[in-house]
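*Asks:*
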Amino acid sequence: MPYVILALDQPDAQALREALKPAHLDYLSERQQRMLAGGAVLDEDGRAVGALIIVDAEDRADAERFIGDDPFAQGGLFASVRVMPWRQAFFDRRRTK
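Each number in this note's numbering corresponds to the 1-based position in the sequence shown with 15 added.
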């Protein structure tokens, strides 16, 4: 079942995000077959301030493990994480670029 994961960074954590980013990208790359979509959540100035991932998970606990094992989470970047079941109703691939 798909789950949406919305993780928002600690305030003023840009340096920590940059330090953890290579390990985070490696982690996601190794698990990309499980992800339906994912990317950074941006502030109005275009800076990353969180992440949104839609992951194919067995259940909520599996989705929580997925984000909990992410180096961003392990490194203390996230101030909050929400994990919610998701049902696709519409997706327009033309608008993703």
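Built from N, CA and C at the ideal position, the CB exists for glycine as well.
Would you identify the three-state DSSP class for Leu-92, choosing helix, strand or coil?
*Replies:* Working through the sequence shown from its first residue, we reach residue 92 at position 77. Correct three-state label for Leu-92: coil.
*Asks:* In the segment 54-81, which residue ranges form an unbroken beta strand (DSSP E) of at least 3 residues, counting only runs that do not cross its ends?
*Replies:* 63-71, all fully within the segment 54-81.
*Asks:* Going by DSSP, what residues sit across from Ala-52 in a beta bridge?
*Replies:* For this step, residue 52 is matched to residue 37 along the sequence shown. Answer by DSSP bridge pairing, in chain order: Ile-69.
*Asks:* Express the C-alpha separation of Phe-105 and Ala-22 in angstroms, rounding to a whole number.
*Replies:* Counted from its first residue, the sequence shown places residue 22 at position 7. Counted from its first residue, the sequence shown places residue 105 at position 90. Rounded to the nearest angstrom, the two C-alpha atoms are 22 Å apart.
*Asks:* Whole angstroms is fine: what's the gap from Pro-26's alpha carbon to Leu-92's?
*Replies:* To locate residue 26, count along the sequence shown from 1; it is residue 11. To locate residue 92, count along the sequence shown from 1; it is residue 77. Whole-angstrom Cα-Cα distance: 9 Å.
*Asks:* Taking the alpha-carbon positions, what's the Ala-94 to Met-16 distance?
*Replies:* Residue numbering aside, residue 94 sits at position 79 when the sequence shown is read from its first letter. Residue numbering aside, residue 16 sits at position 1 when the sequence shown is read from its first letter. If you take the alpha carbons of Ala-94 and Met-16, they lie about 25 Å apart.
*Asks:* Around the C-beta of Gly-65, are 16 or more other C-beta atoms found within 10 angstroms, so that it is buried, or is it exposed?
*Replies:* Working through the sequence shown from its first residue, we reach residue 65 at position 50. Per the 10 Å Cβ criterion, buried.
*Asks:* My guess is that Leu-31 and Gly-90 are in contact by the Cβ rule of under 8 Å, so how many angstroms apart are they, rounded?
*Replies:* Reading the sequence shown from its first residue, position 16 is the one you call residue 31. Reading the sequence shown from its first residue, position 75 is the one you call residue 90. About 7 Å; that satisfies the 8 Å criterion.
*Asks:* I believe Arg-80 touches Val-98 by the beta-carbon criterion, under 8 Å. Please report the beta-carbon distance rounded to the nearest angstrom.
*Replies:* Working through the sequence shown from its first residue, we reach residue 80 at position 65. Working through the sequence shown from its first residue, we reach residue 98 at position 83. Actually they do not touch by this definition, with Cβ atoms about 10 Å apart.
*Asks:* For Ala-78 versus Tyr-18, is the C-beta distance shorter than 9 Å?
*Replies:* Residue numbering aside, residue 78 sits at position 63 when the sequence shown is read from its first letter. Residue numbering aside, residue 18 sits at position 3 when the sequence shown is read from its first letter. Their beta carbons are under 9 Å apart, which means Ala-78 touches Tyr-18 by this criterion.
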